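Asker: After the structure tokens below, expect a handful of questions from me.
Protein chains in written order, with our numbering: chain G, 1 to 1010; chain C, 10001 to 10106.
See below:
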């Protein structure tokens, strides 16, 4: 059982105690503990259950690479799953619960999966759940969904009560990693005057050196680290940050950092997390190395952990994972753990070394202190169900014949080290295989490159493969020296680090080498996703030769730890199975972030009301005060309708329509796009932009036009007004202003740059109000205009300007409703005053504000198309009966060539018609007209679809528009349209609708032309 | 998050203020062109791995379109230049050749 030792623990404050809870049980810890160390100090070795087999698992590592000890933290609004116990600093009152178990951590029903492990090999889902087909949806998937999943998502009814923010920063140099390599690099760069951000993901500076007994310049590493940090803290151009992880490296020196400000100290008035968005000239990745597990049977049992983690717990936190620990290794570094355990008064019954010989200084020191060193040996199996009770030893070369049982309660394993090359690799840095160390390290000839083609990430120290402290220092100095040289500076004197020399390691990928299938099925590679040596070998036998395919087939390295411990072991096993060299098999892709970052940090302050900026028209306030029901349109909010007290939205819409058709209505049309196109070539330019002729438009007149993409498809429509000989005012759809303005600029700047045309998007400079209905002119006359607004003086499709009711105004005689209509633009600042003046003048005429839904219904009653309803990016004007708006005279316009393609002139293209249900009901939006027979997928054939559908209060019935095969030639024919409802026999209910003209109301256009 | 220097306003801009516009120096084919030419103009892109000329707009800045020559494999930027040209200017060609002696404008 794990215990707190009576002495030791360089990071904990033994003078103080704090309380926390795990699965509701109260426990004590010291400030400085991680949740992992605190749990072990309380004898809690099992911290979670594995994903597939629900095997009990203890902590295996001491840092970010931890695959097993994932817990739920907090509760209620602050509940957060999948937090690593090894990175969680304990605070007073912390609440944690274990996950992926039922009903309890110690007794889990899912553990029976393990009994059937033989039946759950790699690719099990793919092989098993294919047939019979309907079973997937109704039997397999619900079952798998229930038992799968890691952790529990926060309650969606809560919003996160914490604050998050983002920082933008620029630096000459970002150094990721605050171990001795990172600190040395920061010292050199800081002394040379570079702007530096030094970030360390954990809460301590110094990395492994202080734990491993390293000496630097003759003093203990911890003292050197303290002095280095103190000196750096004095430099104003060096930003030192603990708990800040360089999460990802992207193009041209972009770095994402993730800072945990409040996790360890809740209740402070700080944001919880902070996302850093850094532009770095250079990035030094001093990210160290991770120890690898060894693959022996039972290597996943609680109590088996990495040798380096074992010594971290003893030295940093004064916690002993076991009283009797067997060390198993293929290298000298693990002997440090043996010595540290002995120094802490713990028992090490033996050191099992897979190498035939072991004579390095650390080995000799272990032997000298009386430790039993067994070379050429391995572990055949680990005994114990929910912990370790003994290990069985065997010859590494053999098949696993047991030579000896050794009673113990913990195992410290070391399979060698892998440099943390993630930041090097994120943006394309390539790796090379180091046969001596059996690891991938950065290939200096192929770094990720910046704008100038220069490498911008430089690995330093262990991350560059320089694992021993003395090499680390030299390597770090060299790495930072390259950055300094680019700035025309040179580095300072290199501190001399001293650590015990180490004899070469020997790669061991399977222990023992000749293990049979039974043993290999108990050797875990990926602890979190339960992938074993046997699974990878099976994948290889089944033909998965690519490491990327094997990863996805077996799920190796696909868990939340992204294979930090498992990837190298897994691909070595794959290489062996394929009889290939490891570098030829290669690695999977390293993708950011290095460890998961919170969604809160990604969102930052962009949540709630400021998630997206809101565009308000000048009349927005009036709408708000008068109970508008809002509809989002792009970034705008437009009133959908103005319901009166107790009135339904539908009733309000109907009332607004009837009031407009019979009297006068008022619409805030300010969101309409308004673009000035000006210059000697403006007419020529608009002729290219629109399908019809605009250059012939006379000043004072308006013309409706269609805009197509070069691909031929309709992208926007609207009315163009000619202001004078050289100036046009282009009206676009509400959502189209920015897009169409950009479209214009694209063609003007990149294709017709010699044309003299200037464009300006003046959408927000004008408030625009549509005064609509038979009494519209009467309202304006009441208000008083200083220019002729009579039917003769300002006819349909003309415009004029002057003063209306004292307001400077432009009045456009255009109509989107079929009624007598004036669209009046006034300077934006006058918008609300003018709106209110119109309302006052209109009282005696029953003037009624209306919203977008009334607008939509009235345009549909008239058969006017709406971009986005009748069009969807695949519709051309010819489909919509708009051939009249396509010039036959023009030699060219955008989309003309495309509309000559065979598919565009195909007579079977669906065409616009009106649709009238026989029973007067409203067709469902998007409903399809069914045809006889089925297609190749067994789906019912179709011959048309509904594009707009409304209840028309004017006609007292449902009306719709749709695109129908040969539609205009089939007037009067009745089609069946599908619904989502079923009839009594369980068949899909159909609605019958007759093909009619899309112009339902006032086909002769008499009402608008008055 | 690539960065380019806008040749108009001089700002070193990153992708948050730029809009990508695909391959540069396309020759427009309008009415009267063959199906093959029109297809090539509208749809067919070589999607090169290596030196590439492309269109960018400083959309959240000065609003100007400009062209960039960069390597799609190494993300190296050889230069940016105004959009009002049908072919890469000599100084851009020279900058590319200085870094890629074997490259030629095809």
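All C-beta atoms, glycine included, are put in the ideal place defined by N, C-alpha and C. Computed from a predicted model, the values in this text were never measured in an experiment.
1) State the DSSP-derived secondary structure class of residue 662/G, mapped to helix, strand or coil.
2) Counting C-beta neighbours from all protein chains within 10 Å, is the total for residue 10009/C 16 or more, i.e. buried, or is it exposed?
3) What is the C-beta distance between residue 735/G and residue 895/G, in whole angstroms, given that I count them as a contact (C-beta under 8 Å)?
4) Taking beta-carbon pairs under 7 Å, can you tell me which members of the stretch 247 to 258 of chain G lie near chain C?
5) So, with DSSP's three-state summary, where would you put residue 81/G?
6) In chain C, what lies closer than 7 Å to residue 165/G by C-beta?
7) Quick test of your reading: residue 865/G and residue 824/G, contact by CB under 8 Å. State the CB separation rounded to the nearest angstrom.
8) Select from the stretch 708 to 740 of chain G all residues with a C-beta closer than 7 Å to any C-beta belonging to chain C, and list them in chain order.
9) State whether the stretch 713 to 731 of chain G contacts the stretch 691 to 701 of chain G, with contact taken as three or more CB pairs (one from each stretch) at a distance under 8 Å.
10) Nearest by alpha-carbon distance to residue 449/G: which of 251/G, 499/G and 544/G is it?
11) Smallest Cα separation from residue 620/G: which of 604/G, 608/G and 640/G?
12) Less than 8 Å between CB atoms is the rule here; does residue 10001/C satisfy it with respect to chain G?
13) Of all Cβ atoms in chain G, is any one closer than 8 Å to the Cβ of residue 10049/C?
14) Taking any Cβ of chain C, which residues in the stretch 887 to 909 of chain G have a Cβ under 8 Å from it, in chain order?
15) Spatial neighbours of residue 205/G within its chain, please: C-beta separation below 6 Å, excluding the five flanking residues on both sides.
16) Look at the Cβ atom of residue 822/G, then the Cβ atom of residue 791/G, and state whether they are nearer than 8 Å.
17) Tell me the DSSP secondary structure of residue 688/G in three-state form.
18) Three or more C-beta pairs under 8 Å: does that hold for the stretch 432 to 447 of chain G against the stretch 163 to 179 of chain G?
19) Can a CB atom of chain G be found closer than 8 Å to the CB of residue 10033/C?
20) Am I right that residue 566/G and residue 535/G are in contact with their C-beta atoms under 8 Å? What's the rounded C-beta distance?
21) Closer than 8 Å by beta-carbon distance: list the chain G residues that pair up with residue 10029/C, in chain order.
22) Are three or more beta carbon pairs between the stretch 192 to 202 of chain G and the stretch 239 to 246 of chain G nearer than 8 Å?
23) Do you know offhand how far residue 554/G's Cα is from residue 191/G's?
24) Using a cut-off of 7 Å between C-beta atoms, extract the partners of residue 452/G located in chain C.
25) Comparing alpha-carbon positions, which option in 270/G, 576/G, 588/G and 309/G lies nearest residue 557/G?
26) How would you list, in chain order, the residues of chain C whose beta-carbon sits under 8 Å from the beta-carbon of residue 799/G?
27) Would a check of beta-carbon distances place residue 10097/C closer than 8 Å to chain G?
28) Identify every residue that forms a DSSP beta bridge with residue 10029/C.
29) List the residues of chain C that residue 753/G touches, going by C-beta distances under 8 Å, in chain order.
30) Residues in its own chain within less than 7 Å of residue 10087/C by CB, not counting five upstream and five downstream?
31) If the cut-off is 8 Å on Cβ atoms, which residues from the stretch 10036 to 10067 of chain C count as contacting chain G, listed in chain order?
32) Would you tell me roughly how many angstroms separate the C-alpha atoms of residue 223/G and residue 322/G, rounded to the nearest one?
33) Looking at residue 967/G and residue 930/G, is the spacing between their C-beta atoms short of 8 Å?
34) What number of angstroms, rounded off, separates the C-alpha of residue 160/G from the C-alpha of residue 840/G?
35) Which whole-angstrom value describes the C-beta separation of residue 638/G and residue 851/G, a residue pair presumed to lie in contact below a C-beta threshold of 8 Å?
36) Quick one: which chain C residues come within Cβ less than 7 Å of residue 878/G?
Answerer: In brief:
1) Look at residue 662/G here: in three-state DSSP terms it is helix.
2) By the neighbour-count criterion, in which a residue is buried when 16 or more other Cβ atoms sit within 10 angstroms of its Cβ, residue 10009/C is exposed.
3) No, residue 735/G and residue 895/G are not in contact; Cβ-Cβ is about 20 Å, not under 8 Å.
4) Going along the stretch 247 to 258 of chain G in chain order, one finds 250, 251, 252 and 254 with a Cβ nearer than 7 Å to chain C.
5) DSSP places residue 81/G in strand when its eight states are reduced to three.
6) Simply none; closest approach about 17 Å.
7) Taking C-beta atoms under 8 Å as the contact rule, residue 865/G and residue 824/G fail to qualify, at a distance of about 24 Å.
8) Here the close residues are 710 and 711.
9) Under the three-pair Cβ rule at 8 Å, the stretch 713 to 731 of chain G counts as touching the stretch 691 to 701 of chain G.
10) The shortest Cα separation from residue 449/G among 251/G, 499/G and 544/G belongs to 251/G.
11) Among 604/G, 608/G and 640/G, the Cα nearest to that of residue 620/G belongs to 640/G.
12) True, the Cβ-Cβ gap to chain G drops below 8 Å.
13) Taking Cβ atoms only, chain G never reaches closer than 8 Å to residue 10049/C, which makes this a no.
14) Answer set for the stretch 887 to 909 of chain G: 891, 892, 896, 897, 898, 900 and 901.
15) Excluding positions up to five away in sequence, the list reads 178, 225 and 229.
16) Not closer than 8 Å, so no.
17) Here DSSP, grouped into helix, strand and coil, assigns residue 688/G to helix.
18) At 8 Å Cβ cutoff, the stretches do not touch.
19) Yes, because at least one Cβ of chain G sits closer than 8 Å to the Cβ of residue 10033/C.
20) 11 Å between Cβ atoms; not a contact.
21) By Cβ distance, chain G contributes 897.
22) Touching, yes, given that three or more Cβ pairs across the two stretches are closer than 8 Å.
23) Each residue's alpha carbon lies about 49 Å from the other.
24) Ordered by position in chain C, the residues that pass the 7 Å Cβ test against residue 452/G are 10076.
25) Looking at the Cα atoms, 588/G is the closest of the given residues.
26) Simply none; closest approach about 28 Å.
27) Residue 10097/C has a beta carbon lying at 8 Å or more from every beta carbon in chain G.
28) Per DSSP, residue 10029/C has no beta-bridge partner at all.
29) Per Cβ cutoff of 8 Å: 10083 and 10084.
30) Within the same chain, and ignoring the five residues on either side of residue 10087/C in sequence, the residues whose Cβ sits closer than 7 Å to its Cβ are 10025.
31) Residues 10038, 10042, 10055, 10057, 10059, 10063, 10064 and 10065.
32) In this structure, the alpha-carbon of residue 223/G lies about 30 Å from that of residue 322/G.
33) No.
34) Looking at the two C-alpha atoms, the distance is approximately 47 Å.
35) At roughly 7 Å, the Cβ-Cβ gap stays under 8 Å, so residue 638/G and residue 851/G are in contact.
36) From the beta-carbon of residue 878/G, no residue of chain C is found nearer than 7 Å; the closest lies around 15 Å away.
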